[in-house]
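Numbering (this note's numbering), first residue to last: 116 to 243.
C-beta atoms are modelled at their ideal positions from N, C-alpha and C, and glycine is treated no differently.
Below: the structure, in structure tokens.
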């Protein structure tokens, strides 16, 4: 996105899963903030560091950028968490323009050692 205009997403709302600091989701969030998007971020871990970095990038385009970024901590494999996350995002910003599903994880183990519970957990986060 280096050649993209830096204001392509002003007025757009971007919902991103998997925005833990130093992750692909955090890098995507930063780039959208750099281009002026309002952000709604969720991860199972705290993403305050990501939110602060995005606030600084967004403040170039939007006054009071802290009002244009919200973060949630929650497990996206739980239906109720997802419903609340989407509802709270729409309540705050009145819409969602872009969805980026970046939440995911892997287990570094021999695939023959996987049990079905581990496979189900990976599938629930990465695919479902």
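Three-state class that DSSP yields for residue i in the structure shown
{"i": "residue 201", "result": "helix"}
{"i": "residue 129", "result": "strand"}
{"i": "residue 234", "result": "helix"}
{"i": "residue 187", "result": "strand"}
{"i": "residue 216", "result": "strand"}
{"i": "residue 157", "result": "strand"}
{"i": "residue 140", "result": "helix"}
{"i": "residue 229", "result": "coil"}
Short Cβ contact (8 Å threshold) for residue i with residue j
{"i": "residue 160", "j": "residue 129", "result": "no"}
{"i": "residue 157", "j": "residue 191", "result": "yes"}
{"i": "residue 150", "j": "residue 122", "result": "yes"}
{"i": "residue 124", "j": "residue 141", "result": "no"}
{"i": "residue 145", "j": "residue 172", "result": "yes"}
{"i": "residue 222", "j": "residue 237", "result": "yes"}
{"i": "residue 185", "j": "residue 207", "result": "yes"}
{"i": "residue 127", "j": "residue 213", "result": "yes"}
Residue i, buried or exposed, once every other Cβ within 10 Å from all chains shown has been counted against 16
{"i": "residue 242", "result": "exposed"}
{"i": "residue 239", "result": "exposed"}
{"i": "residue 131", "result": "buried"}
{"i": "residue 147", "result": "buried"}
{"i": "residue 188", "result": "exposed"}
{"i": "residue 230", "result": "exposed"}
{"i": "residue 218", "result": "buried"}
{"i": "residue 228", "result": "exposed"}
{"i": "residue 183", "result": "buried"}
Original post:
Using 8 Å as the threshold, is the stretch 132 to 148 in touch with the stretch 166 to 176, meaning 3 or more CB pairs across them?
Top reply: Contact holds: three or more Cβ-Cβ distances are below 8 Å.
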